[in-house]
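Note sheet for the following structure.
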Amino acid sequence: MSIVRWSPFPELDSVFRGMDQNTRALRRADWAPLVDVRENDQAFVLEVEVPSVAVHDLSVSVVEGVLSVTGTSQSKQDDVDSNLHRSERLRGSFSRSFRLPDGVDIESISAEMKEGVLYLTVPKKQTLKHEVEIKVLT
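Heads up: the sequence shown begins at 3 in our numbering, then just goes up one per residue.
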């Protein structure tokens with residue numbers, strides 16, 4: 003029996019290559035806004051941080067139970083005309099999607115933009131909570 007020296011590097015290299023391929027396949031946008039999801043008795047509320055995104059650059063839709071928020075953050079004209087020394091703000095297109103739970107009223111979803119935050123209210127369907135007495139015949 004001969005002894006073979008084992009090197010972990012070829013295996014690690016293939017793992018990293020696989021991870022890179024997976025992240026490239028999942029990447030659908032230039033950046034992703036931060037989102038808080040809250041729930042109360044009447045609705046789910048999504049708070050989507052979209053600083054420097056104009057309302058006309060946003061799109062909200064529901065297709066087959068999936069709520070999608072897409073948009074674009076544009077560069078200002080003075081960013082183009084001047085020599086930018088440092089840029090930490092993300093620009094470009096974004097997309098976030100959320101599978102909605104059963105029991106929500108998609109026809110009544112509302113959206114409001116305030117101070118760089120998009121507030122999406124997804125109302126729950128109202129269920130009748132009154133008691134019905136059923137008589138059992140003998």
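A virtual CB, placed ideally from N, CA and C, is assigned to each residue, including glycine. No experiment lies behind these values; they were computed from the predicted model shown.
Beta-carbon proximity list for residue i, same chain, < 7 Å, skipping 5 on both sides
| i | result |
| --- | --- |
| ASP59 | GLY73, THR74 and GLN76 |
| ARG26 | Any answer about ARG26 is weak, because its pLDDT of 47 lies below 50 and its placement is not dependable; what the coordinates show is given next. Contacts found: none. |
Reduced DSSP secondary structure (H/G/I, E/B, other) of residue i
| i | result |
| --- | --- |
| GLU109 | helix |
| PRO103 | coil |
| VAL57 | helix |
| GLU41 | strand |
| GLU13 | helix |
| ARG19 | helix |
| ARG93 | coil |
| ARG88 | coil |
| VAL50 | strand |
Beta-carbon gap between residue i and residue j smaller than 8 Å
| i | j | result |
| --- | --- | --- |
| LEU102 | VAL71 | no |
| ASP104 | LYS126 | no |
| ASP32 | PHE96 | yes |
| LEU139 | VAL50 | no |
| VAL52 | GLY118 | yes |
Buried/exposed call for residue i, threshold 16 Cβ in 10 Å
| i | result |
| --- | --- |
| VAL134 | exposed |
Cβ separation of residue i and residue j, assumed to be a contact under 8 Å, to the nearest whole Å
| i | j | result |
| --- | --- | --- |
| LEU69 | SER112 | The pair is not a contact, with the Cβ atoms about 12 Å apart (cut-off 8 Å). |
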